[in-house]
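**Q** Got a structure for you, questions after.
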Amino acid sequence: TNMDGLSNTMFSDASVASVKKVEGTANAGFAAFRKGAARKPKPADTDDTDREAAEKLDVGQRVVTQRGQSATIRFIGPVAPLPKGFWVGIELDEAAGKNDGLVKGVRLFTCEANHGAVCRPSTVQKAQEDTAEDEI
């Protein structure tokens, strides 16, 4: 017991050692400790990446992107300058895209400037109007 009447074990090395230390990268900030930061790395892209999702889509089909944008599929397939696997070229209803169907020097389709985009097939969903027709 010390002069204040407190036990010395309160300040011993044993009590410090029992505290779990959170490890992170120096200068990583709060983001290093978020739950999602410990995710497993994505497997490498292969020629079959997103093939199954691509097979469920058709050129001309109406879709909705992850951002809720309506679009029409104009291209489905691999794109040589992009990572391996399947891609969909979409024509967005609004000028929120990045191209006019020309992607890294490869013409996939033609549309108005800034209406074209390319994404993985798994990132688009059939538009409601198409799913209603499929059920009939």
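So for the sequence shown, the UniProt record's numbering puts the first residue at 1; every next one is plus one.
Idealized CB from N, CA, C, for every residue including glycine.
No experiment lies behind these values; they were computed from the predicted model shown.
#1: Please confirm if F109 has its CB atom under 8 Å from at least one CB of chain D.
#2: Within the continuous beta strand (DSSP E) that includes E91, where are the two ends?
#3: Whole angstroms is fine: what's the gap from Q69's alpha carbon to D47's?
#4: Could you pull the start and end residues of the beta strand (DSSP E) that residue 137 belongs to?
#5: Bridge partners for A71 per DSSP, in chain order?
#6: Say whether the segment 109-120 touches the segment 61-81, bearing in mind that this needs 3 or more beta-carbon pairs closer than 8 Å, one atom from each stretch.
#7: On the premise that F75 lies in contact with V64, defined as a C-beta separation below 8 Å, what is that separation, rounded to the nearest angstrom?
#8: Alpha carbon to alpha carbon, how far is V124 from G105?
#9: If we count the other Cβ atoms within 10 Å of its Cβ and call it buried at 16 or more, is G101 buried or exposed?
#10: Go to A53, then tell me how far its alpha helix (DSSP H) extends in each direction, as first and last residue.
#11: Going straight from the alpha carbon of P78 to that of G89, what length do you get?
#12: If we count the other Cβ atoms within 10 Å of its Cβ and call it buried at 16 or more, is E91 buried or exposed?
#13: Return the first residue and the last residue of the beta strand (DSSP E) that K104 is part of.
#14: When burial is assigned at 16 or more other CB atoms within 10 Å of the CB, is D93 buried or exposed?
**A** On the basis of the coordinates in this document:
#1: Note that chain D does not occur in the displayed structure, where there is just one protein chain.
#2: 87-92
#3: So the two alpha carbons sit approximately 27 Å from each other.
#4: The structure shown does not extend to residue 137, since the chain is modelled only from 1 through 136, so no value can be given for it.
#5: V63, L92
#6: yes
#7: Contact flag wrong, Cβ pair sits at about 17 Å.
#8: A straight-line Cα-Cα distance of about 24 Å links V124 and G105.
#9: buried
#10: For A53, the uninterrupted alpha helix (DSSP H) run begins and ends at 51-55, by DSSP.
#11: 10 Å
#12: buried
#13: Careful: K104 lies outside any beta strand (DSSP E) and carries neither H nor E.
#14: exposed
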